[in-house]
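Only one structure is covered here, and it is reproduced in the block below.
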Amino acid sequence: MFNVRLTRMARVIETLILIAAIPIVAGHFGYRRRDQYVWQRNFKLCGGKLQSPVSISSSTSKSIPVPLPALETIGYHDFLPTPLYLRNGGHSVLINIHDHPRRRLPCIFGGSLDPNHEYEMDHLHFHWGAKNDRGSEHVLNGVRYPMEMHIVHRNKVYSNFSSALDHKNGLAVLGIFFQLQEEDNELLNPVVKALKDVQLLNEQVKLNAPLALASLLPNGLDVFYTYKGSLTTPPCSEAVTWIIFPSPTPISFSQKTAKSRTQESVCTKTEFIFVCRIQRNDR
Ligand SMILES: *[C@@H]1O[C@H](CO)[C@@H](O)[C@H](O)[C@H]1NC(C)=O
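Shown next, in the form of structure tokens:
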């Protein structure tokens, strides 16, 4: 019935576990530094010990290579169920995936995830900065990339996102960096072309070209960093197994600019996140 493709993301030659995570103290409504200290007052979890993002160093004093099973994906090469909407959620631009009765949603398993647990895609979103040398949330070997995408998956053991937030193994998030290049990355066009129509908070637009997750991913997924952390925005739940790929997806300057043009918005509360602005949503 459903054409599920099992894709071996890659043979894990070397997987790096981050042992010396440096927690970065969290924030509240806006993303300006002074706003961030307020987060803890309103969202107690943001003051926790396993807060994301972190600064990742590949040096062997900070990361240890460990043999792990390969991280496997299901449905990453299939088009996501349509209709697919891109929405300005205030803190970022996101694509929510809605259940489709006849289609399985993309899933991941293996790697550093709990054995025998499958994690189903919930949504994806982007973080970026006003300047190109900041934007990503995670920092890799001292480098902050211009943009970072999070593909958020829910452990299928939990029936919905909010109950998953209450469990250490509730969520698995793939973190993908974007690196600037001259030429457009045609694979990103379905998303980039829709961005001009979601300049304002809560604006939503239907993607008019099909989209498969694989087209947003970099080549070379056999090496990744993994650690136990949290949502990077309130409520900051420490429920996330992070899987961060060091090889970035290419994006052109003009494609990235389309994203940065998204306007500052008024303070509002989306499902889980309080936000004030979108122009700079890096933490
Ligand atoms: C989520 O799941 C929990 C536990 O199954 C349930 O109690 C709760 O009502 C659900 N919440 C939503 C928003 O569906």
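Numbered as in full-length UniProt numbering, the sequence shown ends at 283 without a single skipped number. Note that beta-carbon positions come from the ideal geometry of N, C-alpha and C, so glycine has one too.
{"Query": "Neighbourhood of residue 120 by C-beta, 7 Å cutoff - its chain only, sequence neighbours within 5 removed", "Result": "105, 107, 153, 154, 156"}
{"Query": "Beta-carbon proximity of residue 111 to residue 251, cut-off 8 Å", "Result": "no"}
{"Query": "Proximity below 8 Å, CB of residue 96 to CB of residue 123", "Result": "yes"}
{"Query": "Validate contact between the region 40-55 and the region 134-154 using beta carbons, cut 8 Å, 3 pairs", "Result": "yes"}
{"Query": "Residue 161 (DSSP reduced to helix, strand or coil)", "Result": "helix"}
{"Query": "Inter-stretch contact at 8 Å, needing at least 3 Cβ pairs: the region 144-151 / the region 160-170", "Result": "no"}
{"Query": "CB contact flag (residue 210, residue 249, <8 Å)", "Result": "no"}
{"Query": "Cα-Cα separation, residue 241 to residue 203", "Result": "30 Å"}
{"Query": "Residue 189 beta carbon near ligand 1 (any heavy atom closer than 7 Å)", "Result": "no"}
{"Query": "Alpha-carbon spacing of residue 212 relative to residue 79, whole angstroms", "Result": "4 Å"}
{"Query": "In chain order, each beta strand (DSSP E) run of at least 3 residues that lies wholly inside the region 42-80", "Result": "63-66, 71-74"}
{"Query": "Residue 163 beta carbon near ligand 1 (any heavy atom closer than 7 Å)", "Result": "yes"}
{"Query": "Heavy atom of ligand 1 within 7 Å of residue 160 beta-carbon", "Result": "yes"}
{"Query": "Interface flag, residue 44 vs chain D, CB-CB below 8 Å", "Result": "Of the protein chains in this structure there is only one, and it is not chain D."}
{"Query": "Cβ-based neighbour list, residue 100, same chain, cut-off 7 Å, excluding 5 preceding and 5 following", "Result": "81"}
{"Query": "Residue 85 to residue 61 span [Cα, whole Å]", "Result": "43 Å"}
{"Query": "Backbone secondary structure at residue 191 - three-state DSSP", "Result": "helix"}
{"Query": "First and last residue of the uninterrupted beta strand (DSSP E) at residue 228", "Result": "225-229"}
{"Query": "Nearest-angstrom Cβ-Cβ length linking residue 180 and residue 146, presumed shorter than 8 Å", "Result": "6 Å"}
{"Query": "Closest Cα partner of residue 198 within the set 223, 92, 167", "Result": "92"}
{"Query": "Identity of the residue in 192, 171, 254 nearest residue 231 by Cα", "Result": "171"}
{"Query": "For residue 242, the residue or residues it bridges with in DSSP", "Result": "173, 227"}
{"Query": "For residue 252: DSSP bridge partner residues", "Result": "181"}
{"Query": "Spatial neighbours of residue 125 in its chain, beta-carbon cut-off 6 Å, leaving aside the 5 residues before and after", "Result": "92, 94, 150"}
{"Query": "Distance between residue 227 and residue 238 (C-alpha atoms, nearest Å)", "Result": "11 Å"}
{"Query": "CA nearest to the CA of residue 174, picked from 221, 193, 63, 186", "Result": "221"}
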